[in-house]
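In our numbering, the protein residues as written are 178 to 382. For glycine and all other residues, C-beta sits at the position ideal for the given N, C-alpha and C. Note that the coordinates shown come from a computational prediction; the quantities given were computed from them, not determined experimentally.
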C-alpha cells in the first residue's frame, strides 16, 4: 500500500485552494493507510479454529487422547495465529461491517480533530479515505447539510470508492474535490474571503 507522494499531496491541496475561492465551505481531506491494525482478528480466528477442528477430529476418529487433543489445539492456535497475520490473509479475514465501522469511527474522530465542527457558519467538510478498507466518506457540518441533501454526496462517494479500489487514489481525490466544489459553489457560495483551516492533505500512516 502506497500513500500519495509530496507532489500528489500538493495537487490535492491546490484543488482545495481552487474550490474554496468560490465557496464559504472549509474543506479538509484525510487519507489513512488503514483505520485499525486489527491485531485481534488473527487471534480470534485462530482460537475458534483451534477449539473446533481438533474436537471434530476427535469425534470422527477417536484417536486423540486428552493430552494429545490439548497439544494439537495449542499447536494449531500458534501456527494459525502466525499464518493469519500475513497481510494478504488477514485482510480477507476481517468482515466488511467491522472494516467499515472502524473506518467510519476514524472519519468522525478526524472531523473533530481537524476542527471542522468549529468553522464560521458551520460550513466544514471532510473528505475521508481509508485505503486498506477501501472506504470513502464525506462528512459535512450543519451549515452545509441544511442547504445540500446528504443524498447528493452518495454518487460522488460511490465513484471515489471505485477509484480507490482500482488504486486511483489521487485521481479520486481530484475528481471528488471538483464534484464537491460544484455543489458548494451553487449552494454555499463565497460571501467573503476566508481560509480558516489548512488545505493540505492530512496523512495518517
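Distance from the CA of residue 222 to the CA of residue 188, rounded to the nearest whole angstrom, comes to 42 Å.
Taking C-beta atoms under 8 Å as the contact rule, residue 277 and residue 270 fail to qualify, at a distance of about 15 Å. Spanning the alpha carbons of residue 318 and residue 228 requires a straight line of approximately 48 Å. Annotated three-state conformation of residue 261 is coil, per DSSP.
By the neighbour-count criterion, in which a residue is buried when 16 or more other Cβ atoms sit within 10 angstroms of its Cβ, residue 219 is buried.
Inter-segment contact for the stretch 336-351 and the stretch 361-376 is absent: fewer than three beta-carbon pairs are separated by less than 8 Å.
Counting C-beta pairs closer than 8 Å gives fewer than three between the stretch 351-358 and the stretch 273-287, which falls short of the contact rule. The secondary-structure analysis by DSSP pairs residue 288 with nothing; it has no beta-bridge partner.
Assignment of residue 215 by DSSP, reduced to helix, strand and coil, places it in the coil class. Just measuring C-alpha positions, the residue of 284, 342, 364 sitting nearest residue 209 is 284. Beta-bridge pairing by DSSP links residue 205 to 303. Around the beta carbon of residue 280, 16 or more other beta carbons sit within 10 angstroms, so the residue counts as buried.
Remark: C-beta atoms of residue 293 and residue 197 do not approach each other more closely than 8 Å. DSSP places residue 316 inside the beta strand (DSSP E), whose first and last residues are 312-317. Of the candidates 368, 268, 193, 287, 368 places its Cα closest to the Cα of residue 297.
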